[in-house]
């Protein structure tokens, strides 16, 4: 059986059943799989990425539980493995995390550092294949089909080398899932975390999925899970009992996807530039607030952040979305379609402000968010001016000029008064 | 209720009613038409709660009464019946069904109680006057293309009908705008309209009203209050709520100082715009107008689809000018011109442009340029 040592990258032939150790370096960190050298779709997921970057940059933290997240009211964005032992999880409210692990070191996210590290990893991946689909800063799909000849090594070897390079050159670890499609690759990368390498071959797909819960599927959240459970579907075995037409009739296009996934089939391609569907920014307050001025300030800053991303990506959105979460965690969202797609912070803010005024609820709120959706490529200002709002074009020009100033003198070089609220 | 009515008269009355009915209804009764038979007439009443239309037709009423049935179904049935047939509508209160009979065709329709049908509250009208159908037709036809569909500025989703100071005294005026273009149409002030409050007539009402204005000889009775407007012919009464909002002060939008004048045959102009716009990109539809000494060059340059150019002889004596517009907007305003040449008055490439027909200031259009 094909086998590979993840420490010295030695490929060798493993005797089935025996103890798996590298014949060259005696390392036990080896993988053996019949399809090891034929599978080519992979998912790479960094281990506790933000926390790992922090620990790398500050070795004093190495043995301490570290939680990355904003403020007391925020949520945990990443917890290191030490904190995870105590039960801390991503997306958990901070107060709860601190109750579980009071001695944890809480660090505000340093996005620049993470972006920097992510870029370095991305560069390593780009040396392997152009077929990279980043899902976030710390995870990506890789399609290594047809690269074996070019590299002189099968995908598995290249992937093992990637994690080794990440460890030695960047001081970060990642877990690899290798399989024959995206769905299974993503599932696999989670099986042996941290610093793992898991393989799901074609031959064992059915056996592997059997009796696994359907919530394992990426995209099946609480709501879908509840709907599935209502239909008596908890595991892949339950799913296999269903007719394709019945699944479609009950769950629409999701049903068709489920039917295929139940058979371990996923035809989605690893696409280098998966289209962005919406851009949004939100913020959770330190204390719930109904203060109109304060909310207005947040509305403006969020609109500006959304606009910055839209400008950077060269897109604009036809729909503006406002999201509000009340103190009792109920969420309101309002959306409005515009005649002319919006990219300027001014337009996004004005529309979101109009939506906010229309909500008619004094709050208090714990979260506010602004976004744009129904994206189109930007029209480069070819839009027709507005007879009834002659200042609009001047405000647009002012905003573009502001952007230029910021580009040269930094993001705080010029601010709107309302940004200070 | 039992009535007999000639198919053509029935079709006319029912089709007016069914067009008011919204296709998707959450309140079942709103999908129905209220049929009321009394004396020598039958009335068909339909509403979407904002607009109500009552259409009267002569019929042989055997047994007076009233009921409601699906407007769309009734219309479809009548439409498919052979021309010239006599249609009998009869309702047996106990069975809750309306029977439609014509020749050997027999239909049984579900009904809803007439008491459930919402009849629009009558209102006190401040102003009542009558205007010839062609006058109203011109006012609304020439302005409706500029009505906005933007939900944010709901007060632009209609035609602003009001009394204004025109060049030769007070006029009945209709204005519509979506912020990109504006139409201002004037008509002679009808007798009795002097105190009419300005109202924003919703887009759908304008569409329904159009069907009352086909007959050139017809006089339309117009009644206006702060909240409602009513247009009536002897057979049809259209009552509509008006948009509850303030129409913006459009007068400051209409450019006064535009001096660069271009005169062009509107039909030739429209055809040329249409031709060059063929290659323009779906989204921007930008057409560039380059003017120089009695010469107009229309051009489109869309990097991803191609380029086009066409030259047109015009009357223009001012300095060189290049200005861009959305082709659709140019086509729409050019198609409003029907008798004389189109006169465009420009200022600069960034300012609104004014268009009128010859020297006639009773119909004025403004259009915003776009950067090209």
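Chains as they are written, first to last, in the working numbering: chain E, 9 to 429; chain V, 91 to 462. For every residue, glycine included, the Cβ atom is placed at its ideal position computed from N, Cα and C.
{"Item": "Cutoff 8 Å: residue 362 of chain E Cβ touching any chain V Cβ", "Value": "yes"}
{"Item": "Start and end residues, beta strand (DSSP E) containing residue 307 of chain E", "Value": "Per DSSP, residue 307 of chain E belongs to no beta strand (DSSP E); it is in the alpha helix (DSSP H), 300-321."}
{"Item": "Sub-8 Å separation of residue 318 of chain V and residue 301 of chain V beta-carbons", "Value": "no"}
{"Item": "Among V:246, V:393, V:299, nearest to residue 339 of chain V - alpha-carbon criterion", "Value": "V:246"}
{"Item": "Bounding residues of the beta strand (DSSP E) (the contiguous stretch that carries residue 351 of chain V)", "Value": "350-354"}
{"Item": "Closer than 8 Å to chain V by CB, residue 392 of chain E", "Value": "yes"}
{"Item": "Whole-angstrom C-beta distance between residue 112 of chain E and residue 83 of chain E, which should lie under 8 Å", "Value": "Incorrect: roughly 14 Å between the Cβ atoms, too far for contact."}
{"Item": "Contact under 8 Å by Cβ, residue 137 of chain E with residue 458 of chain V", "Value": "no"}
{"Item": "Alpha-carbon to alpha-carbon, residue 100 of chain V and residue 167 of chain V", "Value": "11 Å"}
{"Item": "Where the beta strand (DSSP E) through residue 193 of chain E begins and ends", "Value": "Where residue 193 of chain E is concerned, there is no enclosing beta strand (DSSP E), although the alpha helix (DSSP H) it sits in stretches over 190-197."}
{"Item": "C-beta atoms of residue 33 of chain E and residue 146 of chain E nearer than 8 Å", "Value": "no"}
{"Item": "is_contact[residue 270 of chain V, chain E] using C-beta, thresh 8 Å", "Value": "yes"}
{"Item": "Where residue 430 of chain E sits in the DSSP three-state scheme", "Value": "Outside the shown range of chain E, which is 9 to 429, sits residue 430 of chain E, and nothing can be said about it."}
{"Item": "Contact set for residue 89 of chain E: own chain, Cβ-Cβ below 7 Å, skip 5 residues either direction", "Value": "56, 202"}
{"Item": "Of the listed residues E:103, E:408, E:340, E:237, nearest to residue 378 of chain E (C-alpha basis)", "Value": "E:340"}
{"Item": "Beta-ladder partner(s) of residue 272 of chain V, from DSSP", "Value": "V:267, V:456"}
{"Item": "8 Å Cβ cutoff, residue 336 of chain E in contact with chain V", "Value": "no"}
{"Item": "For residue 65 of chain E, three-class secondary structure by DSSP", "Value": "helix"}
{"Item": "Exposure of residue 415 of chain E, with buried meaning 16 or more beta-carbon neighbours within 10 Å", "Value": "exposed"}
{"Item": "Near-chain E residues of the region 270-304 of chain V (beta-carbon distance less than 9 Å), N- to C-terminal order", "Value": "270, 271, 272"}
{"Item": "Cβ separation of residue 248 of chain V and residue 290 of chain V, assumed to be a contact under 8 Å, to the nearest whole Å", "Value": "4 Å"}
{"Item": "Counted within 10 angstroms of its Cβ, other Cβ atoms place residue 306 of chain E as buried (16 or more) or exposed", "Value": "buried"}
{"Item": "Among V:102, V:111, V:136, nearest to residue 148 of chain V - alpha-carbon criterion", "Value": "V:102"}
{"Item": "Identified DSSP bridge partners for residue 373 of chain E", "Value": "E:297, E:334"}
{"Item": "Segment limits, beta strand (DSSP E) that includes residue 105 of chain V", "Value": "Element bounds for residue 105 of chain V: not the beta strand (DSSP E) but the alpha helix (DSSP H), 97-110."}
{"Item": "Supposed close pair residue 321 of chain V, residue 310 of chain V - CB separation, criterion 8 Å", "Value": "6 Å"}
{"Item": "Straight-line gap, residue 373 of chain E to residue 214 of chain E (C-alpha atoms, nearest Å)", "Value": "47 Å"}
{"Item": "Pair within 8 Å by beta-carbon distance, residue 392 of chain V and residue 425 of chain V", "Value": "no"}
{"Item": "Outcome for residue 31 of chain E when other beta-carbon atoms lying within 10 angstroms are tallied against a minimum of 16", "Value": "exposed"}
{"Item": "C-beta neighbour in chain E for residue 241 of chain V, strict 8 Å", "Value": "yes"}
{"Item": "According to DSSP, residues forming a beta bridge with residue 182 of chain V", "Value": "V:187"}
{"Item": "Inter-residue Cα distance where the pair is residue 221 of chain E and residue 230 of chain E", "Value": "13 Å"}
{"Item": "Minimum Cβ-Cβ distance from residue 393 of chain V to chain E less than 8 Å", "Value": "no"}
{"Item": "Straight-line Cα distance separating residue 415 of chain V from residue 402 of chain E", "Value": "19 Å"}
{"Item": "For residue 251 of chain E and residue 43 of chain E, the rounded distance between their alpha carbons", "Value": "31 Å"}
{"Item": "7 Å Cβ cut-off: residues of chain V touching residue 347 of chain E", "Value": "240"}
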